[in-house]
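K.L.:
Numbering (our numbering), first residue to last: 36 to 364.
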């Protein structure tokens, strides 16, 4: 029987281990080596679509391989989300997640996946402020005045939204819960028709995105802005107070971010987080985000994971308290 000196044996064993690890190490170091799918669960044309394409353009340049946006609309974003959580956890299929993913957790109790358990948080991208606006016929100029007016006219003021369970609806329900006002919820199929009826006086108040058409309507006096929904005032509307200045503790905002399937390598997640973080520190990209009313929100993967968990808990409480169901049809 051939005897191998102990020192030689240890060297050979160490070499064998290193050799077996080399392919995995090379694979991790090589990421990415081909195009990456960045799935969005909504159709082209909306605010999420505009942002995901900015992010994809940035990442394509940083990673040296194309990051291809794939719109997979349907079931309030759940179809695209399920596509991603079922994908191989190799970093080549990512989800452009939104605050809708948080609210869907409570709105749809029978989903085929558990969003918080089946994803690996990668990076937050932006916080998306909303504004509380009223039509010009409503005789209130502050949130405090509106609360008093609503309490003096219980059930007579209508609150428009972009649909049951949308952020527009939930932010209004949170306001109702925290102030005790009685507003009649009127769901529309999208933000545009709701804003149209708000300006026409068919409804009186709405919580809507602080960007796009709403800002134009505010600028030309067709809508009156009472407050922003974020915890802090916004650069785009520096003279507009927050709802929280009148209703302590109130805060509501949408968000965008990127997640991967559970089990994606930590090194891959770290690489993607670093590249997105670099984008959120780049003046050109941040200016483009600001141009559509968004506030960069850089976070580490653990911070983003906690943020998502807290967001799910917050809106689950609102949805269950208000007994909100998904919009049908």
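The beta-carbon is built from N, C-alpha and C at its ideal position, and this holds for glycine as well.
This one's a predicted model, so the numbers in the text were calculated from it and none came from an experiment.
Going by beta carbon distance, what residues of the same chain come within less than 7 Å of residue 93, once the five residues before and after it are set aside?
P.N.:
314 and 320.
K.L.:
Which residue's Cα is closest to the Cα of residue 176: 323, 344 and 275?
P.N.:
Selected option, being the one with the closest Cα: 275.
K.L.:
Label residue 348 either buried or exposed according to how many other C-beta atoms from any shown protein chain fall within 10 Å of its C-beta, with 16 as the threshold for buried.
P.N.:
By the 10 Å Cβ count, residue 348 comes out exposed.
K.L.:
Contact between the segment 198 to 206 and the segment 134 to 151: three or more CB pairs below 8 Å?
P.N.:
Yes: the two stretches touch, three or more of their Cβ pairs being nearer than 8 Å.
K.L.:
Check each candidate in 72, 188 and 300 and name the one with the smallest Cα separation from residue 131.
P.N.:
Comparing Cα-Cα distances from residue 131 to each of 72, 188 and 300, the minimum goes to 72.
K.L.:
Would you list the residues sitting across from residue 72 in a DSSP beta bridge?
P.N.:
Looking at the DSSP assignment, residue 72 forms a beta bridge with 103 and 128.
K.L.:
DSSP state of residue 60, grouped into three classes?
P.N.:
Confidence at residue 60 is low in this model, with a pLDDT of 43, below 50, so the placement of that residue should be treated as unreliable; the coordinate-derived value is given next. Note: residue 60 maps to helix in three-state DSSP.
K.L.:
Mind listing, in chain order, the continuous alpha helix (DSSP H) runs of no fewer than 4 residues lying wholly within the segment 207 to 260?
P.N.:
List check, alpha helix (DSSP H) in window: 226 to 235 and 248 to 254.
K.L.:
On the premise that residue 269 lies in contact with residue 263, defined as a C-beta separation below 8 Å, what is that separation, rounded to the nearest angstrom?
P.N.:
About 5 Å separates the two Cβ atoms, so the contact holds.
K.L.:
Tell me the DSSP secondary structure of residue 145 in three-state form.
P.N.:
Coil.
K.L.:
Pull up the distance between the alpha-carbon of residue 350 and that of residue 341, whole angstroms please.
P.N.:
So the two alpha carbons sit approximately 14 Å from each other.
K.L.:
From the DSSP output, in three-state form, read off residue 264 for me.
P.N.:
It is coil, neither helix nor strand.
K.L.:
Should residue 214 be labelled buried (16 or more other beta-carbon atoms within 10 Å of its own) or exposed?
P.N.:
Counting Cβ neighbours within 10 Å, residue 214 comes out buried, since at least 16 surround it.
K.L.:
Going by other Cβ atoms of all chains shown within 10 Å of its Cβ, with 16 needed for buried, is residue 346 buried or exposed?
P.N.:
Residue 346 comes out buried.
K.L.:
So, for residue 291: in the same chain, excluding its five sequence neighbours on each side, which residues have a beta-carbon less than 6 Å away from its beta-carbon?
P.N.:
These residues qualify, in order along the chain: 86, 133, 160 and 161.
K.L.:
Pick out whichever of 96, 190 and 255 has its Cα sitting closest to the Cα of residue 170.
P.N.:
Answer by Cα proximity: 255.
K.L.:
Identify every residue that forms a DSSP beta bridge with residue 296.
P.N.:
DSSP lists 154 as partners of residue 296.
K.L.:
State yes or no: is the C-beta of residue 193 within less than 8 Å of the C-beta of residue 219?
P.N.:
It is a contact, given that the beta carbons lie within the stated cut-off.
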